[in-house]
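For reference, the structure is listed below as structure tokens.
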Amino acid sequence: MMFYMMIVLAVGAASGLNTQCNNPKTTHCQGGTVKGTRYFKDGNECTSSPACLDEGYSTKEDCKQACSGVGGGSQDIKPDESCTGAKPTECSEPEVAFFYEPESRTCRQMSGCSSNGNSFDSIEECQLACGLDID
């Protein structure tokens, strides 16, 4: 069984598959490593699971960033609901904001006021929330 698992991991690594996104459901950690909460791709989401600390990702955001393209494209992980609203509106005291533009499937910068959830402090925050590759 262990030999078979090593072969599967080796083939996955050689093919470019990010095996760290998958939960190996390890029962005992190697080398005395302890278990903790780690994040793995589960369908279209990143969910937490108890695992050895050298497996998976320490945060949900890290998991989304690393695993969003695993298994069939960059939109595998469902975008945040704040990515569906209108862009920030014009106002008397505008601030620099980033918003998701669904037509171009990109995050854009503008000066305005947030009238809904589609407003982010940085382009990276927008890209991460909306399931895009981080530039």
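Under mature numbering (1 follows the signal peptide of the UniProt record, and there is no 0), the letters of the sequence shown match residues -16 to -1, 1 to 119, in that order.
Just so you know, even glycine gets a beta-carbon here, dropped at the ideal spot from N, CA and C.
| query | result |
| --- | --- |
| Span separating the alpha-carbon of F83 from that of N102 | 5 Å |
| Residue nearest to V18 in terms of C-alpha spacing, selected from D26, L37, C30, N7 | L37 |
| Coarse secondary structure for D38, derived from DSSP in three states | coil |
| Nearest candidate by alpha-carbon position, reference G69, set A50, K9, C91, N28 | C91 |
| Distance between P78 and S52 (C-alpha atoms, nearest Å) | 33 Å |
| Beta-bridge partners of S93, as assigned by DSSP | Sequence check: residue 93 is Gln here, not Ser. DSSP output for Q93 lists F82 as bridge partner(s). |
| Of the residues F104, C67, G20, T43, the one placed nearest E85, counting alpha carbons only | C67 |
| Euclidean distance between Cα positions of K48 and S106 | 17 Å |
| Helix, strand or coil at T73 [DSSP, three-state] | strand |
| Beta-carbon contacts of C30 that lie in its chain and below 8 Å, excluding the five residues immediately before and after | Y23, F24, Y41, K44, C47, K48, C51, I61 |
| Collapsed DSSP secondary structure at S33 in the structure displayed | strand |
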